[in-house]
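Residues in the sequence shown are numbered from 14 upward in steps of one, following this note's numbering. C-beta atoms are modelled at their ideal positions from N, C-alpha and C, and glycine is treated no differently.
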Amino acid sequence: MSDPTPYEKLGIGEDASFEEVQRARDRMLSELEGDEMLQEAIEAAYDAVLMDRLRARQEGKIKVPDRIRFPERVVANVPTVTQTSPTKSASNWLSRLVDNPSRQDVLVSLGVFAGLGVLNFLIRTATPTWLALSLLSSIYFLNRKENRFGRSALLALMGLVLAVLCGVMFEQVRIMASPDLPRSISEIVMFIVMWLVTCFLR
Numbered sequence: 014m015s016d017p018t019p020y021e022k023l024g025i026g027e028d029a030s031f032e033e034v035q036r037a038r039d040r041m042l043s044e045l046e047g048d049e050m051l052q053e054a055i056e057a058a059y060d061a062v063l064m065d066r067l068r069a070r071q072e073g074k075i076k077v078p079d080r081i082r083f084p085e086r087v088v089a090n091v092p093t094v095t096q097t098s099p100t101k102s103a104s105n106w107l108s109r110l111v112d113n114p115s116r117q118d119v120l121v122s123l124g125v126f127a128g129l130g131v132l133n134f135l136i137r138t139a140t141p142t143w144l145a146l147s148l149l150s151s152i153y154f155l156n157r158k159e160n161r162f163g164r165s166a167l168l169a170l171m172g173l174v175l176a177v178l179c180g181v182m183f184e185q186v187r188i189m190a191s192p193d194l195p196r197s198i199s200e201i202v203m204f205i206v207m208w209l210v211t212c213f214l215r
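Quick look at the structure:
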């Protein structure tokens with residue numbers, strides 16, 4: 014009677030997977046705990062199976078999975094993470110900031126700010142009041158677009174600051190270039206800037 018093969022010692026077939034070989038070895042070692050000679054025989058059988066598998070693989074008898082033979086293919090198939098360029102991010106941010114109002118929205122807001130400009134021209138002593146009303150009007154129109162009061166108030170406040178700066182700069186130019194022009198023109202510039210911010214931003 015011939016001696017059992019390493020596969021028979023482990024209680025597995027020759028077509029067993031590597032995981033099955035490992036499980037058989039661990040099971041046999043656990044069952045033979047305390048018997049060092051038999052455990053050594055199991056270890057020797059396990060090593061013999063591994064060597065036989067390695068030899069068969071080198072001879073092409075065992076097909077090696079593609080993910081092991083060609084790891085670069087696995088890497089190539091990993092989806093690439095698209096990185097958003099700063100230019101594209103800036104473009105998206107700008108497109109979200111700029112509004113394309115309807116004709117009715119343009120005319121309504123234009124009527125409100127034009128009316129405030131006329132009132133400022135007629136009652137020039139109340140310019141701070143008209144500017145305060147223009148700020149409130151700006152917040153109202155901006156909030157109606159996105160329904161985000163905090164953002165609307167911030168944009169309106171920035172618009173007011175920009176309007177005042179433009180008005181001051183225009184006043185300096187008026188004084189140097191044409192001092193005969195009425196000062197109210199500089200104030201009208203402020204209302205125009207406020208209207209532009211209100212109408213074309215969101």
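Can you tell me which of the three DSSP states LEU214 falls into? strand
If you measure from the beta carbon of LEU173 to each beta carbon in chain B, is any gap under 8 angstroms? Absent from the structure is chain B; it holds one protein chain and no more.
Along the alpha helix (DSSP H) that carries LEU123, what are the first and last residues, could you check? 116 to 135
Flag this pair as touching only if the stretch 156 to 168 and the stretch 186 to 193 have three or more C-beta atom pairs under 8 angstroms; answer yes or no. no
Short of 8 angstroms in beta carbon distance, which residues of its chain neighbour ILE201, apart from the five on each side in sequence? Order them along the chain. GLY130, ASN133, PHE134
Can you name the start and end residues of the alpha helix (DSSP H) that ILE25 belongs to? Neither: ILE25 is in no alpha helix (DSSP H) and is coded neither H nor E.
Rounded to the nearest angstrom, what separates PHE183 and LEU146 at their Cα positions? 22 angstroms
Beta carbon of ARG215, beta carbon of GLU159: below 8 angstroms? yes
Give the single residue among SER43, ALA61, LEU51, LEU194 whose Cα lies nearest to the Cα of THR18. ALA61
DSSP puts VAL111 in a beta bridge; with which residues? LEU214
Write down the C-beta distance between SER199 and GLY180 rounded to the nearest angstrom, noting that I regard them as a contact closer than 8 angstroms. 5 angstroms
Roughly how many angstroms lie between the CA atoms of THR211 and ILE152, to the nearest whole one? 8 angstroms
Within the continuous alpha helix (DSSP H) that includes ASN156, where are the two ends? 140 to 159
DSSP three-state assignment for LEU194, whether helix, strand or coil: coil
LEU42: first and last residue of the uninterrupted alpha helix (DSSP H) it sits in: 31 to 44
ILE136: which of ASP112, ARG196, LEU167 sits nearest, CA to CA? ARG196
Out of LEU168, LEU23, ARG109, ALA139, point me to the one whose CA is closest to LEU209's CA. LEU168
Do LEU123 and MET203 have their C-beta atoms closer together than 8 angstroms? no
Helix, strand or coil: how does DSSP classify ASP16 here? coil
Inter-residue spacing [alpha-carbon to alpha-carbon] between ASP193 and VAL174: 26 angstroms
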